[in-house]
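Number of protein chains: 2
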Amino acid sequence: MADNGATTLQSRLEAAVGKAHILTAEAEMAPYLTDWRGRFHGHALAVARPQSTPEVAAVVHACVEAGVALVPQGGNTGQCGGATPDASGHAVVVSLARMDRVRAIDHDNATLTVEAGATLVAVQEAAREAGLMFPLSLAAEGSCTIGGNLSTNAGGTAVLRYGNTRELVLGVEVVLPDGRIWDGLRGLRKDNTGYDLKQLFIGAEGTLGIVTAVVVKLFAAPRSRGTALVAVADAGAAVQLLRRLKPVLGDRLVGFELMSAYSMQLSQKHMPALPDPLPGHPWYALVQADDSADTSTVAELLESALGAAIEAGIAKDATIAQSLEQAADLWALRENIAEAQRREGPNIKHDISLPVSAIPRFLDEAAGALTLAFPGLVFVTFGHLGDGNLHYNLAAPPGASADAFMANTERANRIVHDLVAAHGGSISAEHGIGQMKREELVRYKSEVELDLMRAIKRALDPRGTMNPGKVL
Amino acid sequence: MADNGATTLQSRLEAAVGKAHILTAEAEMAPYLTDWRGRFHGHALAVARPQSTPEVAAVVHACVEAGVALVPQGGNTGQCGGATPDASGHAVVVSLARMDRVRAIDHDNATLTVEAGATLVAVQEAAREAGLMFPLSLAAEGSCTIGGNLSTNAGGTAVLRYGNTRELVLGVEVVLPDGRIWDGLRGLRKDNTGYDLKQLFIGAEGTLGIVTAVVVKLFAAPRSRGTALVAVADAGAAVQLLRRLKPVLGDRLVGFELMSAYSMQLSQKHMPALPDPLPGHPWYALVQADDSADTSTVAELLESALGAAIEAGIAKDATIAQSLEQAADLWALRENIAEAQRREGPNIKHDISLPVSAIPRFLDEAAGALTLAFPGLVFVTFGHLGDGNLHYNLAAPPGASADAFMANTERANRIVHDLVAAHGGSISAEHGIGQMKREELVRYKSEVELDLMRAIKRALDPRGTMNPGKVL
Chain A
249 MADNGATTLQ SRLEAAVGKA HILTAEAEMA PYLTDWRGRF HGHALAVARP
299 QSTPEVAAVV HACVEAGVAL VPQGGNTGQC GGATPDASGH AVVVSLARMD
349 RVRAIDHDNA TLTVEAGATL VAVQEAAREA GLMFPLSLAA EGSCTIGGNL
399 STNAGGTAVL RYGNTRELVL GVEVVLPDGR IWDGLRGLRK DNTGYDLKQL
449 FIGAEGTLGI VTAVVVKLFA APRSRGTALV AVADAGAAVQ LLRRLKPVLG
499 DRLVGFELMS AYSMQLSQKH MPALPDPLPG HPWYALVQAD DSADTSTVAE
549 LLESALGAAI EAGIAKDATI AQSLEQAADL WALRENIAEA QRREGPNIKH
599 DISLPVSAIP RFLDEAAGAL TLAFPGLVFV TFGHLGDGNL HYNLAAPPGA
649 SADAFMANTE RANRIVHDLV AAHGGSISAE HGIGQMKREE LVRYKSEVEL
699 DLMRAIKRAL DPRGTMNPGK VL
Chain B
249 MADNGATTLQ SRLEAAVGKA HILTAEAEMA PYLTDWRGRF HGHALAVARP
299 QSTPEVAAVV HACVEAGVAL VPQGGNTGQC GGATPDASGH AVVVSLARMD
349 RVRAIDHDNA TLTVEAGATL VAVQEAAREA GLMFPLSLAA EGSCTIGGNL
399 STNAGGTAVL RYGNTRELVL GVEVVLPDGR IWDGLRGLRK DNTGYDLKQL
449 FIGAEGTLGI VTAVVVKLFA APRSRGTALV AVADAGAAVQ LLRRLKPVLG
499 DRLVGFELMS AYSMQLSQKH MPALPDPLPG HPWYALVQAD DSADTSTVAE
549 LLESALGAAI EAGIAKDATI AQSLEQAADL WALRENIAEA QRREGPNIKH
599 DISLPVSAIP RFLDEAAGAL TLAFPGLVFV TFGHLGDGNL HYNLAAPPGA
649 SADAFMANTE RANRIVHDLV AAHGGSISAE HGIGQMKREE LVRYKSEVEL
699 DLMRAIKRAL DPRGTMNPGK VL
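Protein chains in written order, with my numbering: chain A, 249 to 720; chain B, 249 to 720.
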């Protein structure tokens with residue numbers, strides 16, 4: 249911060265949140281200027297760490313008057329660079345990390361009011377202490393914040409039953425791009441008094457305002473659980489199995505994950521302590537069913553349904569966890585794929601969704617087209633089949649250079665995303681757009697839809713100072 | 249349609265949808281110009297009845313060029329006059345009634361694509377024929393349309409488990425105020441590619457565009473059911489009962505209704521065939537639990553939980569339906585209150601929501617304040633306690649003139665709505681704003697929130713021709 253305008257801004261920021269919480273030294277700012285995967289790097293005038301909503305508002309007011317852009321940041325665990333400032337160095341990063349208080353728990357209303365900077369684990373813990381449950385769960389939960397979850401409409405492992413973050417949010421508090429505070433912290437299940445404005449801020453990746461607090465729904469905690477690994481011949485059989493389990497398990501069905509044998513073997517290779525309970529099949533489904541009733545027979549229900557599916561030839565084999573440890577091991581097979589994959593080297597990754605019914609055909613068509621384009625390439629296919637969400641990743645042919653293979657990213661994206669679009673799918677199921685997928689967004693959205701998005705952005709942020717260069 | 253401009257418009261409308269489907273005679277238009285309760289009356293240049301999305305777009309284009317406003321209309325069953333044109337006679341009513349085709353059912357994706365003019369019953373039927381279930385259900389379901397349900401974010405009797413209409417919608421097709429068609433008919437459970445634009449049109453009451461088709465979620469149909477009527481001492485005990493049943497029944501808990509003894513007696517008075525299974529208590533809860541598993545013990549679960557609640561002194565008495573007929577009778581006690589009430593004479597009605605935890609105190613405070621203001625008045629209190637939604641209606645003291653009592657509406661609204669606001673509640677839980685509650689909206693929304701709503705309206709409908717005089 250060299251010139252006078254910057255000095256004035258700095259003194260205003262310091263007046264707003266205290267000198268100790270305005271970082272300007274490069275070394276201090278560094279952790280805020282690069283995303284956790286180290287893929288995006290930016291610069292900033294300063295990093296502000298406000299501790300209250302009025303402090304956030306004061307920071308925004310100071311930046312508005314200085315004509316300086318703002319980049320809201322939660323746990324900095326995003327996948328698409330949405331929380332990393334651009335290279336211009338003209339923005340102020342607003343870290344919500346110090347705003348992490350639980351403001352209220354209302355047991356009879358089954359709601360929790362919490363500030364945006366609380367980690368997802370802290371929110372889960374607060375719900376648990378109240379004898380209830382917050383169902384959002386994802387790999388980064390120890391570091392990501394509830395504000396970031398809301399701003400990216402995070403998905404995770406229980407969407408099949410509980411929905412995305414959007415479905416879990418009842419109210420929000422937002423500092424708007426003009427510095428005004430909108431208190432929309434309502435804890436109501438029904439409210440039809442005009443436009444549902446909170447929906448605008450959910451999934452907006454900080455481009456329409458800074459979310460400072462949120463009211464989320466809580467649920468009865470599960471008291472009985474069934475977890476099974478099921479071997480199937482192909483994705484089509486997995487879809488048939490899902491269709492069969494839905495009426496039998498009803499709302500008990502919380503997770504239905506798909507893994508190719510290769511992706512599961514990657515987990516086993518890098519975490520050799522993990523079991524290999526059903527070797528020799530091409531595809532696996534991981535099924536979890538929960539029930540909050542302690543008189544429940546959910547594991548028996550699951551076992552008999554899987555027995556019938558094997559008899560009908562839909563499933564090849566199945567194993568049901570006999571203990572919480574066994575269940576954790578089965579989940580570890582799924583959850584360690586991303587890390588195992590990282591250790592193998594870089595991949596061309598796709599976070600896509602499709603109508604569940606379209607997944608088998610998509611997989612066939614994509615495999616055909618990609619094998620033709622890149623002979624010998626390796627598919628690392630897994631994901632949340634129950635939600636139609638696949639992590640569809642591509643690795644270099646055995647023996648080939650992984651880094652050289654990455655040069656095919658653009659061409660591979662075109663093949664995959666064109667097919668996704670043809671099947672009515674989405675090129676970003678749960679990770680958002682950030683700065684990474686802006687060009688893809690323009691390529692695949694209709695002009696009408698892009699116009700509507702731009703109209704909303706202009707209406708709420710006419711100066712374009714809120715997280716510029718993200719999403720739109 | 250007298251002058252030349254109007255003649256041009258009429259010929260354009262006729263060219264767009266066919267002469268037979270442009271109504272201009274007063275007698276033909278009459279059913280479209282008055283709401284079903286006969287409370288709102290308007291005038292119009294014409295009623296257009298398009299049969300396809302391009303026809304709707306052509307109607308909008310014609311009106312845009314003529315500078316004429318549009319009033320979208322579904323089943324015309326709204327409670328707040330949202331589908332009735334104003335008195336100016338300068339608008340064209342666009343009835344979606346002829347757009348009622350089911351476009352697609354995708355069983356493996358559990359989605360249904362249907363045009364806006366299909367009745368809710370037709371949508372339920374189409375789901376049932378596919379072996380699945382669409383859970384939205386409400387009194388007007390034989391006449392109301394799915395487009396109207398979406399535009400008012402309808403609630404109904406199963407919100408506790410399945411959410412409002414908003415939670416049931418995956419995609420929409422909309423004709424925008426400028427006549428362009430936005431095809432957002434996606435059937436995806438996860439899609440984080442920018443702003444979730446469909447949320448804008450859900451609950452907008454036709455002020456941002458005309459919804460022409462929708463993709464909704466389907467569910468496994470229930471195969472076992474438990475229905476119980478429970479006597480409780482007061483609303484506080486009902487809240488305690490709800491808290492107790494939630495973990496035991498989990499997602500099986502579909503409905504939790506509250507009725508005062510007086511409101512239930514009104515049903516019995518006007519429908520004398522209805523039973524009176526638990527006479528002599530001041531309040532009643534109606535509980536329904538469903539399970540899609542046919543091996544389920546949902547009625548036994550409910551019975552044992554209610555037994556324990558009686559033992560704990562939370563419930564006074566309970567009866568469990570032993571047949572579908574008995575269950576239907578218990579529901580009839582609840583569902584006939586509105587009609588019974590209508591036969592008794594006019595009421596001052598409130599469709600409010602509160603945090604569930606705040607309901608007992610709200611009822612105490614409101615009863616105190618209202619009794620002081622209107623000695624002897626009669627409370628007709630019932631509603632969806634599980635969602636925090638009460639139909640809180642007030643009738644004249646016995647012997648007093650009901651019509652004279654209605655003159656107190658404004659004063660009663662102030663007492664009730666001020667208390668609702670003080671407890672963080674909503675003055676319109678499930679019926680919307682329409683033209684009826686516009687002034688109340690301005691009174692109770694913050695300036696910031698009203699500004700945001702107006703900014704959205706201006707951004708999408710800068711000419712203000714889409715359903716003017718509604719909501720904002």
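Beta carbons: idealized from backbone N, C-alpha and C, even for Gly. Predicted, not measured: the structure shown is a model, and the values here were computed from it.
What does residue i reach in chain A if we use C-beta pairs closer than 7 angstroms?
i, result
"Ala533 of chain B", "Correct list: empty, because the minimum Cβ distance to chain A is about 14 angstroms."
"Pro425 of chain B", "The contacting residues do not exist; Pro425 of chain B stays about 11 angstroms from chain A at best."
Name, please, each residue of chain B whose Cβ falls closer than 7 angstroms to the Cβ of residue i.
i, result
"Asp651 of chain A", "Going along chain B, no residue has its Cβ under 7 angstroms from Asp651 of chain A, so there is no contact; the nearest lies around 29 angstroms."
"Ala447 of chain A", "For the sequence presented, residue 447 of chain A should be read as Gln rather than Ala. What Gln447 of chain A touches in chain B: Asp444, Gln447."
"Ala703 of chain A", "Ala707, Leu708"
Could you check what DSSP says for residue i in three-state terms: helix, strand or coil?
i, result
"Val690 of chain A", "helix"
"His269 of chain A", "helix"
"Pro320 of chain A", "strand"
"Leu257 of chain B", "helix"
"Glu453 of chain A", "coil"
"Thr220 of chain B", "Because residue 220 of chain B is not part of the residues shown, which for chain B are 249 to 720, the question remains open."
"Ala250 of chain A", "The predicted position of Ala250 of chain A is uncertain, since its pLDDT is 49 and thus under 50; a value taken from the coordinates is nonetheless stated next. Ala250 of chain A falls in the coil class under three-state DSSP."
"Gly484 of chain A", "helix"
"Pro710 of chain A", "coil"
"Met277 of chain B", "helix"
"Ser605 of chain B", "helix"
"Leu418 of chain A", "strand"
"Thr460 of chain B", "strand"
"Glu363 of chain B", "strand"
"Ala352 of chain B", "strand"
"Val342 of chain A", "strand"
"Asp699 of chain A", "helix"
"Val664 of chain A", "helix"
"Val312 of chain A", "helix"
"Ile562 of chain B", "coil"
Determine the contact status of residue i and residue j, defining contact as a CB-CB distance below 9 angstroms.
i, j, result
"Leu271 of chain B", "Val295 of chain B", "yes"
"Ala339 of chain B", "Gly323 of chain B", "no"
"His529 of chain B", "Ala580 of chain B", "no"
"Tyr532 of chain A", "Ala509 of chain A", "yes"
"Gly454 of chain A", "Lys718 of chain A", "yes"
"Ala476 of chain A", "Arg500 of chain A", "no"
"Gly404 of chain A", "Leu386 of chain A", "yes"
"Ser601 of chain A", "Asn637 of chain A", "yes"
"His635 of chain A", "Ala670 of chain A", "The sequence as given places Asp at residue 635 of chain A; His does not occur at that position. Cβ distance not < 9 angstroms, so Asp635 of chain A and Ala670 of chain A don't count as in contact."
"Gly427 of chain A", "Val265 of chain A", "no"
"Thr359 of chain A", "Val463 of chain A", "yes"
Going by DSSP, which residues form a beta bridge with residue i?
i, result
"Gln536 of chain B", "B:Thr475, B:Gly503"
"Tyr640 of chain A", "A:Thr629"
"Lys494 of chain B", "According to DSSP, Lys494 of chain B bridges with nothing at all."
"His291 of chain A", "Bridge partners of His291 of chain A: none, in fact."
"Met381 of chain B", "B:Phe467"
"Trp531 of chain B", "B:Val480, B:Ser508"
"Ala296 of chain A", "A:Ile270, A:Val342"
"Trp430 of chain B", "B:Val422"
Starting from the beta carbon of residue i, find every residue of chain A whose beta carbon is closer than 9 angstroms, and list them in chain order.
i, result
"Tyr640 of chain B", "Going along chain A, no residue has its Cβ under 9 angstroms from Tyr640 of chain B, so there is no contact; the nearest lies around 14 angstroms."
What does residue i touch in chain B if you count any residue whose Cβ is under 9 angstroms from its own?
i, result
"Asn661 of chain A", "Under the 9 angstroms cutoff, chain B gives no residues; its nearest Cβ is about 14 angstroms from Asn661 of chain A."
- Touch test, the stretch 430-437 of chain B against the stretch 482-493 of chain B, Cβ-Cβ under 8 angstroms, three pairs minimum: no
- Task: For the stretch 498-516 of chain B and the stretch 576-592 of chain B, state whether three or more C-beta atom pairs, one from each stretch, are separated by less than 8 angstroms.
- Result: yes
- Query: Does the pairing of the stretch 650-670 of chain A with the stretch 408-417 of chain B give three or more beta-carbon distances under 8 angstroms?
  - Reply: no
- Message: Below 8 angstroms, how does it come out for the stretch 489-499 of chain B and the stretch 437-444 of chain B: are there three or more Cβ pairs, yes or no?
- Response: no
- Query: How do the stretch 623-633 of chain B and the stretch 374-385 of chain A stand: do at least 3 beta-carbon pairs fall below 8 angstroms, yes or no?
  - Reply: no
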